[in-house]
Amino acid sequence: MIRSMSVILCVAILVSVQTMPTTAFAESLGPVSEEYPPAACDPGSYVSSVKCTGKYCDNMKITCFDLPNATIGRAQWMPWISEEGGGMRQCPANHYIAGFACRGKYCDNVSLYCVELKNVEPSRCEFTRFVSEEGGGYLSFFLGDTAGQHFAAKGMHCTGSYCDNKQFEVCELRQR
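Per this note's numbering, the sequence shown runs over residues 847 to 1022.
Now the structure itself:
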């Protein structure tokens, strides 16, 4: 009797696990710095937040968010940027940031890893506030107030010594 109840309980647990709704997957990567290798999100995932630690935002941890039903195209590393050269870099049209690389003292030079999204279009693009290790160092790219919205950055601007303060151009993504 006890054995049959255990079997029934195990079957009930398995059935409930198999019928649970799936949720979006987010992964954390990094830190990205001149001391550590570049970090890039899995295919179909894009950077959804950054966390700066260390002097001058030397170490960046990133969170990647899976974009359901994404049709990806070309991917490319962009030329290095720093505050000395204007500190601004945009991904090509229809490309969004999916990773970062650093070189130089305190991650002074940053390269964006940009991946094309073929089946979405940007809407409501805006610049975030600046982020650095001061004040907690965390910045989420979520600009909305509705569940199911998806946001990705298409550009980065940095100011301050060693590209310390980082700001992102973030867009809401809509499926075509």
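Cβ atoms here follow ideal geometry from the backbone N, Cα and C, with glycine treated the same way.
Please read all numbers here as calculations on a predicted model, not as lab measurements.
For residue i, the three-state DSSP class (helix, strand or coil)
i       : result
Glu980  : helix
Tyr959  : strand
Gly990  : coil
Tyr882  : coil
Lys901  : helix
Cys953  : helix
Gly933  : coil
Leu1019 : strand
Asp888  : coil
Arg920  : strand
Ala999  : strand
Residue j beta carbon less than 8 Å from that of residue i
i       : j       : result
Cys903  : Gly983  : yes
Ala1043 : Val1016 : Nothing can be reported for residue 1043, as the shown portion of the chain is limited to 847 through 1022.
Ile918  : Val878  : no
Arg920  : Ser969  : no
Leu989  : Glu972  : yes
Phe987  : Phe976  : no
Gly931  : Pro884  : no
Leu1002 : Val961  : The sequence shown places Met at residue 1002, not Leu. Cβ atoms of Met1002 and Val961: not closer than 8 Å.
Ser891  : Cys1004 : no
Residues bridged to residue i [DSSP beta-bridge criterion]
i       : result
Leu985  : Val896
Thr1005 : Asn1011
Met906  : Val878, Cys898
Gly945  : Ala886, Tyr959
Pro968  : Leu1019
Query raised in the report: Counting pairs of Cβ atoms below 8 Å between the segment 898 to 915 and the segment 930 to 939, do you hit three or more?
Result: Contact fails between the segment 898 to 915 and the segment 930 to 939, because fewer than three Cβ pairs, one in each stretch, are under 8 Å apart.
Query raised in the report: When the Cβ atoms of the segment 1003 to 1010 are set against those of the segment 947 to 960, are three or more pairs found closer than 8 Å?
Result: yes
**Report entry** At least three beta-carbon pairs within less than 8 Å, the segment 916 to 931 to the segment 893 to 908
**Finding:** no
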